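>
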Amino acid sequence: MQVPLLDLKAQYAGIRAEVLETAAQIFESQHFILGPHVQALETSIAQYCGTAHAVGVSSGSDALLIALMAAGIGNGDLVLTTAYTFFATAGAVARVGATPVFVDIDPDTFNISAAELGDTLARIPAARRDKVRAVIPVHLYGQCADMDPILEISRQHGLTVIEDAAQAIGAEYKGRRAGSMGDFGCFSFFPSKNLGAFGDGGMVTTQSPAADDKLRILRVHGSRPKYFHSVIGGNFRLDALQAAIVQIKLKYLDRWTAARQQNARTYRDYFKAAGLDTVIRLPVERESRHIYNQFVIRVPQKRDDLRQFLKAAGVGSEVYYPVPMHRQACFMQKGRQPQVLPEAEKAARETLALPIYPELSDAQQAYVVEQIRAFFT
Ligand SMILES: *Cc1c(COP(=O)(O)O)cnc(C)c1O
135 MQVPLLDLKA QYAGIRAEVL ETAAQIFESQ HFILGPHVQA LETSIAQYCG TAHAVGVSSG
195 SDALLIALMA AGIGNGDLVL TTAYTFFATA GAVARVGATP VFVDIDPDTF NISAAELGDT
255 LARIPAARRD KVRAVIPVHL YGQCADMDPI LEISRQHGLT VIEDAAQAIG AEYKGRRAGS
315 MGDFGCFSFF PSKNLGAFGD GGMVTTQSPA ADDKLRILRV HGSRPKYFHS VIGGNFRLDA
375 LQAAIVQIKL KYLDRWTAAR QQNARTYRDY FKAAGLDTVI RLPVERESRH IYNQFVIRVP
435 QKRDDLRQFL KAAGVGSEVY YPVPMHRQAC FMQKGRQPQV LPEAEKAARE TLALPIYPEL
495 SDAQQAYVVE QIRAFFT
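Written out as structure tokens, the structure reads:
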């Protein structure tokens, strides 16, 4: 049996006619950049996320970049973020000229640890502490970071909070949606995300009208009116075709999320029945609405061998992520001992993402668990 990590063709089969019709309309209009489809999606996403504003941008990476720019973060500034994330989170900080300061994670959720965040801040010498401008919590795998203490620490130190919600559209923390709690929420429509475009795309959410205005100016090279630039922005525009396709998919998102959550429950049942819940560790569901962009187990022994074994059996899996940010060559300082962040390093050795996409069948899930049982016995 073949069980790919993700099967986008299965999803496309259900929306094909709608997508083709909308694409044909946009081709006829020959209006490709920004415009009414982007505006309509901005309204829908703001509503979905419980924010006052949303600004369509070119990718999730650019969402992070433009949010940092709108917050006025640049040369010499320090930005706290998790050591365990996709590279874009930390890369955006470096690209505006600031320095990422990496914080260890909570071993249960793989999200930034609020306790470590406080400790990391406290360890920064007082003379440099006013250089700390922002914190970027990442809602990894579709579950929100522990936002209350993060927001409290940020308020005490006057930090801007930029939520990296690229993997977490619709996830909730104590009834509040991802992207609605901080100053900015950054989303990605990369095809493998729960709400994926047919190409690149992203969105920035905010509750602040002033921030919304800044984002809109920065998105078009900092111009307002056209050809008059009082600030320097970039080309961070979202295109009409991507916006229209994401708008179609948004109608189905809650159904797809429910299917992912059901698949997570099925895995838990099957792993328990197979007696594997002691050999591997199942994901800890701390928040009420985990949207399962990824179903990530911990494999303390022979993770890489298991991955090879699954591959040979036709089961796709992935390691998100094999190298934590503080161990990336580009962030290591020459001649300096690398930072030690034990939980992020342990996660890098143990995590394994299994197929969890909505169209996955019961038989496929049973097969995945059966193969893992076969490996360990
Ligand atoms: C996907 C992702 C991004 C970047 O999104 P792109 O649209 O691919 O640029 C940023 N942060 C996290 C945590 C992601 O998973």
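So the number in the working numbering is just where the residue sits in the sequence shown, counting from 1, plus 134.
C-beta: ideal position from N, C-alpha, C; glycine also.
Treat the numbers as computed from the prediction; the structure is a model and nothing was measured.
1) Rounded to a whole number of angstroms, what is the C-alpha to C-alpha distance between A272 and D280?
2) Roughly how many angstroms separate the alpha carbons of L440 and L198, rounded to a whole number?
3) Assuming V227 contacts V213 (C-beta within less than 8 Å), just tell me the rounded distance between them.
4) From E162, S195, L274, F221, pick the residue whose C-alpha is nearest to that of T243; which is it?
5) For A248, which residues of its own chain have a beta-carbon under 6 Å away from its beta-carbon, when the five flanking residues on both sides are left out?
6) Going by alpha carbons, who is nearest to T391 out of R415, D403, I382, Y426?
7) With H, G and I counted as helix, E and B as strand and the rest as coil, what does DSSP make of M135?
8) Determine, using beta-carbon pairs with one atom in the segment 165-172 and one in the segment 356-374, whether at least three such pairs fall under 8 Å.
9) Would the beta-carbon of V191 fall within 9 Å of that of M315?
10) Excluding the 5 residues preceding and the 5 following D513 in the sequence, name in chain order all residues of the same chain whose CB lies nearer than 6 Å to its CB.
11) Grouping DSSP H, G and I as helix and E and B as strand, with all else coil, what is E267?
12) I246 by DSSP, collapsed to three states: which one?
13) Rank E504, A144, Y491 by C-alpha distance to the C-alpha of Q395 and give the top, closest one.
14) Residue ranges of each beta strand (DSSP E) run of no fewer than 3 residues wholly in the segment 250-329, ordered along the chain?
15) With a threshold of 8 Å on Cβ separation, who are the neighbours of A312 within its own chain once the five nearest residues in sequence on each side are excluded?
16) Near A241, which residues of its chain fall below 8 Å by C-beta distance, leaving aside the five closest residues on each side in sequence?
17) For C497, which of Y401, R150, P234, I258 has the nearest alpha-carbon?
18) Mapping DSSP to helix, strand and coil, what is G225?
19) Just checking my contact of V230 with G208 at CB under 8 Å: how many whole Å lie between their CB atoms?
20) My guess is that T294 and T185 are in contact by the Cβ rule of under 8 Å, so how many angstroms apart are they, rounded?
21) Please go through the same chain and pick out, in chain order, the residues whose beta-carbon is closer than 7 Å to the beta-carbon of D411, but skip the five residues on each side of it.
22) Since S192 sits in a beta bridge, which residues does DSSP pair it with?
23) Start and end of the beta strand (DSSP E) containing T215?
24) Please identify the residue among F362, D317, S326 whose C-alpha is closest to the C-alpha of Q341.
25) Any heavy atom of ligand 1 closer than 8 Å to the beta-carbon of W334?
26) What are the partner residues of T233, as DSSP defines its beta bridges?
27) Can you give me the Cβ contacts of D334 inside the same chain, cut-off strictly under 8 Å, excluding the 5 residues immediately before and after it?
28) Assuming E162 and I382 are in contact, meaning their beta carbons sit under 8 Å apart, how far apart are those beta carbons, in whole angstroms?
29) Ignoring anything shorter than 4 residues or poking outside the segment 387-458, list the alpha helix (DSSP H) runs there in chain order.
30) Taking only three categories from DSSP, how would you classify A487?
31) Taking 8 Å as the line, does the beta carbon of A305 fall inside it for any heavy atom of ligand 1?
32) I'd like the list of long-range same chain contacts for I287, defined as Cβ closer than 8 Å, with 5 residues on each side in sequence excluded.
33) Hey, how far is the Cα of M135 from the Cα of M459?
34) Which residue marks the beginning of the beta strand (DSSP E) containing V354, and which one marks its end?
35) Can you round the beta-carbon distance between E484 and L139 to whole angstroms, since I take them to be within the 8 Å contact cut?
The structure says:
1) This sequence places Val at residue 272; Ala is not what is there. So the alpha carbons of these two residues sit roughly 10 Å apart.
2) In this structure, the alpha-carbon of L440 lies about 34 Å from that of L198.
3) At roughly 4 Å, the Cβ-Cβ gap stays under 8 Å, so V227 and V213 are in contact.
4) Per the C-alpha coordinates, the member of E162, S195, L274, F221 positioned closest to T243 is L274.
5) Excluding sequence neighbours, A248 sits near D280, P283, I284.
6) Cα-wise, what sits closest to T391 is Y426.
7) In the structure shown, M135 sits in coil (DSSP, three-state: anything other than H, G, I, E or B).
8) Enough Cβ pairs lie closer than 8 Å, so yes.
9) Not closer than 9 Å, so no.
10) The structure shown does not extend to residue 513, since the chain is modelled only from 135 to 511, so the question has no answer here.
11) Note on residue identity: the sequence assigns Arg, not Glu, to residue 267. When secondary structure is reduced to three states using DSSP, R267 falls in the strand class.
12) Of the three classes helix, strand and coil, the one that applies to I246 here is strand, per DSSP.
13) Of E504, A144, Y491, the residue nearest in Cα terms is Y491.
14) As for any beta strand (DSSP E) of minimum length 3 sitting wholly inside the segment 250-329, the runs are 266-270, 294-298, 318-322, ordered along the chain.
15) Excluding positions up to five away in sequence, the list reads C183, H273, C278, E297, A299, A302, I303, G304, A305, E306, G319.
16) Here residue 241 turns out to be Pro, not Ala, going by the sequence shown. E477, K480, A481.
17) Correcting the residue identity first, residue 497 is Ala in this sequence and not Cys. Looking at Y401, R150, P234, I258, the one whose alpha-carbon comes closest to that of A497 is Y401.
18) G225: helix per DSSP, three-state reduction.
19) About 5 Å separates the two Cβ atoms, so the contact holds.
20) In fact, because the Cβ distance is near 16 Å, the residues do not count as touching under 8 Å.
21) Cβ-Cβ distances below 7 Å link D411 to F405 in the same chain, with the five nearest sequence neighbours on each side left out; the list follows chain order.
22) Answer is none; S192 lacks a bridge partner.
23) Segment 212-216, the beta strand (DSSP E) holding T215.
24) Considering only alpha carbons, the answer is D317.
25) Contrary to the premise, residue 334 reads as Asp rather than Trp in this sequence. Within the chosen limit of 8 Å, ligand 1 reaches the beta carbon of D334 through at least one heavy atom.
26) Bridge partners of T233: L212.
27) Here the set comprises S192, S193, F323, F324, Q376.
28) Contact flag wrong, Cβ pair sits at about 17 Å.
29) For the segment 387-458, whole alpha helix (DSSP H) runs of length 4 or above, ordered along the chain, are 387-407, 437-446.
30) The DSSP-derived three-state label of A487 is strand.
31) Checking the Cβ of A305 against ligand 1 gives no.
32) Within the same chain, I287 has close Cβ partners A248, L251, G252, L255, V269, L293.
33) Approximately 36 Å between the Cα atoms of the pair.
34) Run containing V354: none; DSSP gives neither H nor E here.
35) Not a contact, Cβ separation roughly 18 Å.
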